[in-house]
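Residues 56 to 220 (the working numbering) are what the sequence shown spells out, left to right.
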Amino acid sequence: PCSAATTRWEFADGPCDADSPLDPATRDTIVDAIAGSSDTTNPYVRDVTIDSSRVCLPEDTVGASLTVDNDCWTHVHPDHLDVRDFSYWASNHEGNKEAAKGGRPNPIVSPAEGGDFTIRYPHHHLMTQWNKNEQYMGRLGRLGDAVGFASLPTSVQTVEMANLA
56 PCSAATTRWE
66 FADGPCDADS
76 PLDPATRDTI
86 VDAIAGSSDT
96 TNPYVRDVTI
106 DSSRVCLPED
116 TVGASLTVDN
126 DCWTHVHPDH
136 LDVRDFSYWA
146 SNHEGNKEAA
156 KGGRPNPIVS
166 PAEGGDFTIR
176 YPHHHLMTQW
186 NKNEQYMGRL
196 GRLGDAVGFA
206 SLPTSVQTVE
216 MANLA
């Protein structure tokens, strides 16, 4: 969180079981950033800007959990709980052919066909694969955000989507 302009923190009701052991000045910087963030409408995550003029030592801050105003906030990946349009990627994912040859379902489509709306990033994939391919998975917002229909990409401004509003 100390090396990025904006960092994402996941909310959990109530204090953390144990706050991460951080340098006191670093802890104060992050706590102040979370508490002072204007990104307060999402019930699940908060995108927070860390003041670069404050002390923030990066050691042990990745994945840190801190109690702020009696609630637990945990540092997560910047795309955690993003809502994305996987239409293109569902057909063009590099692993689709290999899955089909092995008699396995499409790895992108199968969660949705099973009623799940989440895709868990495989532990055996390098993060560089995500960084290289996220351009094919259009970001629509974050789970819990209110997003206006007109602000959505035209590719998802369908009649079905309009009827959900």
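Just so it is clear, CB atoms sit at the ideal spot from N, CA and C, and this is done for glycine as well.
Val103 lies in the alpha helix (DSSP H); which residues open and close that run?
Along the sequence shown, read from residue 1 onward, the residue named residue 103 stands at position 48. Element bounds for Val103: not the alpha helix (DSSP H) but the beta strand (DSSP E), Val100 to Thr104.
Give me the residue from Val131, Asn161 and Asn218 with the minimum Cα distance to Pro56.
Position 1 of the sequence shown, counting from 1, holds the residue named residue 56. Looking at Val131, Asn161 and Asn218, the one whose alpha-carbon comes closest to that of Pro56 is Val131.
Answer yes or no: do Ala119 and Val103 have a C-beta to C-beta separation smaller than 9 Å?
Residue 119 sits at position 64 when you count from the first residue of the sequence shown. Residue 103 sits at position 48 when you count from the first residue of the sequence shown. No, these two residues do not count as a Cβ contact at 9 Å.
Given a cut-off of 9 Å on the beta-carbon distance, is the pair Pro133 and Arg63 in contact?
For this step, residue 133 is matched to residue 78 along the sequence shown. For this step, residue 63 is matched to residue 8 along the sequence shown. Taking 9 Å as the Cβ cut-off, Pro133 and Arg63 qualify as a contacting pair.
Quick one: what's got a C-beta closer than 6 Å to Tyr143's C-beta in the same chain, skipping five residues either side?
Walking along the sequence shown from the start, residue 143 turns up at place 88. Answer for Tyr143: Tyr191, listed in chain order.
Looking at C-beta atoms only, is the number of pairs between the region 105–114 and the region 57–77 that lie closer than 8 Å three or more?
yes
Work out the CA separation of His179 and Thr226 for me, nearest whole Å.
With the chain running from 56 to 220 in the structure shown, residue 226 is simply not present.
Which two residues bound the contiguous alpha helix (DSSP H) that contains Glu153?
On the sequence shown, position 98 is the one that residue 153 refers to. Segment Asn151 to Lys156, the alpha helix (DSSP H) holding Glu153.
Would you decide whether Trp128 is buried or exposed? Buried here means 16 or more other CB atoms lie within 10 Å of its CB.
By one-based count along the sequence shown, residue 128 stands at place 73. With 16 or more other Cβ atoms within 10 Å, it is buried.
So the candidates are Pro98, Asp94, Leu136 and Pro79; which of them puts its Cα closest to the Cα of Phe66?
Here residue 66 corresponds to residue number 11 of the sequence shown, with the count starting at 1. Ranking the options by Cα distance to Phe66, first place goes to Pro98.
Quick check: what's the CA-CA separation for Val202 versus Pro166?
Here residue 202 refers to the residue found at position 147 when the sequence shown is read from its first residue. Here residue 166 refers to the residue found at position 111 when the sequence shown is read from its first residue. Those two C-alpha atoms are separated by around 23 Å.
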